[in-house]
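Our numbering numbers the first residue of the sequence shown as 1463 and each following residue consecutively.
From the three backbone atoms N, C-alpha and C, an ideal C-beta is built for every residue, glycine too.
Source: prediction; values computed, not measured.
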Amino acid sequence: MQDYVNLRDRQQWRSRRGASQPHIDACKCTVPLLAGWISEQQEQIVVMSFWSWRFKMVYDLIVVGGGPAGSTCARKAAQLGLDVVLIEKHHHPRRKACGGGLTTRVRRALDVDFSPVVEREQCGLRLFSPSGLTVEEVRAETTGYMVRREDFDHLLLREAERAGATVMEGVAVVDVVENANTVDVITDEKTYSGRLLVGADGVNSTVARRTGIKTRWRDDEICLCIEAAVPMDPEDIVRIVGDPNGSQRVLIEIYFGALRHGYAWAFGKRAEMSLGIGVLVSELEDLRGAWKRFVLSFEKRYDVRIDLSATTAARVPLKGPIDNTIASRVMLVGDAAGFVSPATGEGIYYAIESGKIAAEIARDIISEVGGVSTETYQQRWQKAFGKDLGVANFLAGMMFHSIENMEAVCRMAYDDPVMRAYTFELITGAVPYRTSRNRLVKRMLRKHLRTAIKMIL
């Protein structure tokens, strides 16, 4: 027996299988399927193979990279009615070198319920100065969230797929070719064609490199991080970084002085502690030695044994946005565009915001809204958060200029409750960096003028 399925348009296909079908200028196609003999997955493969043979498939938007920026962009674009394919080189869930701390503004920016992957809520900060001075700020409200990036990223990727984006995992991009009306993304399996391309493939972006947008990073633009996901008894986590008021929430720990122009961290999850250290490559002297010293001091401080078997390294852009984030049919988002705070290394908020902006611009370009191009994307992100990242760069330069400056920041926070609150807001991203700068500078000039002059000079 044969079952003949009429695919009159992409909406009919989506309603039949819940999958995304690239736009093809054809009114009707009759595809014979062997009902009862093949599975639904095989049926979809047969149909998609027919479409590939019959027509050249051109997506509205190709997204390369399945992290928070790429998944958010693909999900938003699919919700706006675009035919989207997301190409991810790994199979999710996959390990990602990251502390896994999310700020409260990530919650506000993301219209996805990520509470199922929240390991613990954050309620404060413990800051260590180079000399060992300890500064602690505890809040009654939740000030952030701890997640495992493999779980968080996997959730966002599945949400993009649920919204209608086609997700291709385990597919590596090897080249990008811009044409007059399309852009071709060449992978190790096949070539994908689209009207627009979003590069969300991180600091080592193939899209940025092959399109010539960003061919290399200077040493003073890149931070090198080492991070370990350390298995730990939940009782030890609560003992080490637990809320002093007795809740199951945790403090984040930041260690200044572990090395110059960088810091170390300890973020507690449900049964895992993220330990990490990072420094600008241009200031790199003995990262491995600093890492070993930090781990040993942590073990001694808290009387725990640290298992470093799950240790990874990663590069993170740490000088703010790159000068140009676009080509004629290409937009870069997230780490690929340098959208990471130079002051704290936090990039997930900017990944989400840039992904949403790119999706909206893609919709307008595809819809032929007058005056909208990829140039509009450059203007939109600059208006949305470009100045804020510029201020973060200023604050980072002031804090990490020297060991003495890091000590001074901690000393002011220790002595002055107002400075302590402002420093907490800066490190946790509770307020925009412009607000943090204005508050910190005003307070320093009024109450800590001598220290402020020393830090500037």
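Considering residue i, what are the terminal residues of the alpha helix (DSSP H) in which it resides?
| i | result |
| --- | --- |
| TRP1679 | First-last for TRP1679: undefined, no H or E at that position. |
| VAL1893 | That residue, VAL1893, is in no alpha helix (DSSP H); it is neither H nor E in DSSP. |
| ASP1826 | 1810 to 1828 |
| GLU1869 | 1865 to 1877 |
| GLY1751 | 1749 to 1764 |
| LEU1564 | Per DSSP, LEU1564 belongs to no alpha helix (DSSP H); it is in the beta strand (DSSP E), 1563 to 1565. |
| LYS1916 | 1911 to 1918 |
| ARG1842 | 1836 to 1843 |
Is the beta carbon of residue i sitting closer than 8 Å to the one on residue j?
| i | j | result |
| --- | --- | --- |
| ARG1825 | LEU1542 | yes |
| SER1667 | LEU1794 | yes |
| ILE1819 | TRP1843 | yes |
| VAL1792 | VAL1669 | yes |
| ASP1650 | VAL1633 | yes |
| GLU1837 | ILE1788 | yes |
| ALA1775 | ALA1690 | no |
| CYS1687 | LEU1742 | no |
| MET1608 | VAL1568 | no |
| PRO1706 | VAL1600 | yes |
| VAL1665 | VAL1778 | yes |
| ARG1732 | ARG1582 | yes |
| GLY1724 | ILE1739 | yes |
| GLY1817 | GLY1796 | yes |
| LEU1857 | ARG1899 | yes |
| VAL1597 | ALA1914 | no |
| GLU1623 | HIS1553 | no |
| MET1868 | PHE1718 | yes |
| VAL1703 | ALA1726 | no |
Compute the beta-carbon to beta-carbon distance between residue i and residue j, rounded to the nearest angstrom, for a pair I have assumed lies under 8 Å.
| i | j | result |
| --- | --- | --- |
| PHE1847 | TYR1812 | 6 Å |
| ALA1799 | ILE1814 | Not really, about 13 Å apart at Cβ, beyond 8 Å. |
| ALA1536 | VAL1546 | 5 Å |
| ARG1873 | LEU1595 | 7 Å |
| GLY1626 | ALA1540 | 4 Å |
| LEU1548 | GLY1528 | 6 Å |
| VAL1638 | LEU1659 | 7 Å |
Closest by CA to residue i, which one among the options?
| i | options | result |
| --- | --- | --- |
| THR1890 | LEU1758, ILE1716, LYS1916 | ILE1716 |
| ASP1698 | CYS1685, ASN1707, CYS1687, VAL1712 | VAL1712 |
| ALA1602 | TYR1725, GLY1586, THR1838 | GLY1586 |
| VAL1574 | PRO1592, LYS1538, PHE1718, LEU1770 | LYS1538 |
| VAL1645 | PRO1894, THR1673, GLU1734, MET1860 | THR1673 |
| ASP1850 | ARG1882, ARG1873, ARG1896 | ARG1896 |
| MET1881 | PHE1862, LEU1907, ALA1858 | LEU1907 |
| MET1927 | GLU1683, GLU1761, ASN1900, ARG1680 | Given a span of 1463 to 1919 for the chain in the structure shown, any question on residue 1927 remains unanswerable. |
| GLU1747 | GLY1738, ALA1720, ARG1763 | ALA1720 |
| THR1628 | CYS1560, SER1533, PHE1590, VAL1700 | SER1533 |
| ALA1870 | LYS1652, SER1803, LEU1589, GLU1550 | LEU1589 |
| LEU1564 | GLY1661, GLN1584, VAL1520, ASN1855 | GLN1584 |
| ARG1570 | TYR1764, PHE1886, SER1790, VAL1893 | VAL1893 |
| ILE1648 | GLY1852, PRO1879, LYS1551, MET1917 | LYS1551 |
| GLY1730 | CYS1560, ARG1671, ALA1642, ALA1821 | CYS1560 |
| THR1806 | ILE1768, ALA1854, VAL1834, SER1790 | ALA1854 |
| ARG1611 | LEU1659, SER1709, MET1735, ALA1821 | MET1735 |
| ALA1642 | MET1519, MET1861, ARG1657, VAL1636 | ARG1657 |
| LYS1754 | SER1744, TYR1764, ILE1768 | ILE1768 |
| GLY1606 | ILE1714, ASP1613, LEU1770 | ILE1714 |
| PRO1592 | MET1861, GLU1830, PRO1879, LYS1916 | MET1861 |
| GLU1446 | LEU1758, TYR1839, GLY1859 | Nothing in the structure corresponds to residue 1446, since the chain is present only between 1463 and 1919. |
Give the DSSP bridge partners of residue i, in chain order.
| i | result |
| --- | --- |
| GLU1550 | GLU1631 |
| VAL1802 | According to DSSP, which records beta bridges pairwise, VAL1802 is partnered with nothing at all. |
| ALA1776 | CYS1687 |
| TYR1725 | PHE1718, GLY1740 |
| CYS1544 | In the sequence under discussion, the amino acid at residue 1544 is Leu, which differs from the Cys named in the question. Note: LEU1544 sits in no beta bridge, so no partner. |
| SER1655 | VAL1520, ASP1646 |
| TYR1607 | LEU1564, GLU1583 |
| LYS1713 | One point to set straight first is that residue 1713 is Leu, not Lys, in the sequence displayed. Answer is GLY1586. |
| ASP1637 | ILE1648 |
| PRO1555 | According to DSSP, PRO1555 bridges with nothing at all. |
| MET1906 | The partner list for MET1906 (beta bridge, DSSP) is empty, contrary to what the question assumes. |
| GLY1730 | MET1735 |
| ILE1788 | MET1793 |
| GLY1661 | VAL1526, LEU1794 |
Would you say the beta carbon of residue i comes nearer than 7 Å to a heavy atom of the ligand PLP?
| i | result |
| --- | --- |
| VAL1880 | Within the structure as shown, the ligand PLP is missing, as the structure has no ligands at all. |
So residue i is in the beta strand (DSSP E); what residue range does that whole segment cover?
| i | result |
| --- | --- |
| GLU1581 | 1580 to 1590 |
| LEU1794 | 1792 to 1794 |
| GLY1859 | Run containing GLY1859: none in the beta strand (DSSP E); it sits in the alpha helix (DSSP H), 1849 to 1861. |
| GLU1623 | Per DSSP, GLU1623 belongs to no beta strand (DSSP E); it is in the alpha helix (DSSP H), 1611 to 1625. |
| VAL1831 | Note, VAL1831: premise wrong, no beta strand (DSSP E); not H, not E. |
| GLU1697 | Run containing GLU1697: none in the beta strand (DSSP E); it sits in the alpha helix (DSSP H), 1696 to 1703. |
| THR1596 | 1596 to 1600 |
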